[in-house]
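Visitor:
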Amino acid sequence: QRKNANQVDLNRNWPTPFENPEHPPQDDETYPGKEPFSEPETAGINAWIEAKRDEIQGYLDIHAYGGLLLYPYGDTKQPIGDGFDKKFQALGRGMQKVMGEYKPQPSHALYSTLSYGTFADYAFREFKKPALSVEVVGYNFITAASTIKKRGIELYKGINAFAKEVTVFNAYDSE
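Numbering-wise (the numbering used here), the sequence shown opens with residue 3 and increments by one.
1. Is the number of C-beta pairs between the region 142-155 and the region 54-74 that are closer than 8 Å three or more?
2. Shortest alpha-carbon distance to Ile47 belongs to which of Tyr61, Gly35, Asn8?
3. What are the start and end residues of the alpha helix (DSSP H) that includes Tyr178?
4. So, does the region 114-130 touch the region 7-23, judging by three or more C-beta pairs under 8 Å?
5. Please look up how many angstroms separate the CB atoms of Asn218 and Glu41, rounded, as I've assumed it's under 8 Å.
6. Give me the Cα-Cα distance between Ala173 and Gly160, rounded to the nearest whole angstrom.
7. Does DSSP put Pro106 in a helix, in a strand, or in coil?
8. In this structure, does DSSP put Ala247 in helix, strand or coil?
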């Protein structure tokens, strides 16, 4: 199921500095809710990551669609700047090496329109730590049951690579 019990896409229920000019209606698959953190799931996750702010070194958000490694931003096509674009590209390539057919790219390159209120955009802006959305290989938000073992191995390798690459990504921040 793509949405929660309130018919909210939880990956559109996070704060963003940009207002979506076409606020999706409740029956849309990307309905963001009435306001950021309106849903108990996103409010609860945010409370937990706020409490662990100094301990968490990076954020992964795992979805099913397309074999992509999406990095900020989805709500603007502007580069991040301050060297972060190159750092995200290197992080994505490091994960791609072990995951195979996964393609790293900025989130805005996936959609024909911008995506507002995503977890990865919020996590990077708020915590200044690497944040990626892994879109597991699949079709129309579904990964075939016959490929679950293969996808699990890809994710395991990707998560381990992320942990290693995050160390490199964050090392530059302390220099």
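Every residue gets a Cβ at the ideal spot worked out from N, C-alpha and C, and that includes glycine.
No experiment lies behind these values; they were computed from the predicted model shown.
Guide: Judging by the given coordinates:
1. yes
2. Tyr61
3. Coverage of the chain is limited to positions 3 through 177, which leaves residue 178 absent and any answer about it impossible.
4. yes
5. The chain is shown from 3 up to 177; residue 218 falls before or after that span and cannot be answered.
6. 20 Å
7. strand
8. Absent from the structure is residue 247, since the part of the chain shown begins at 3 and ends at 177.
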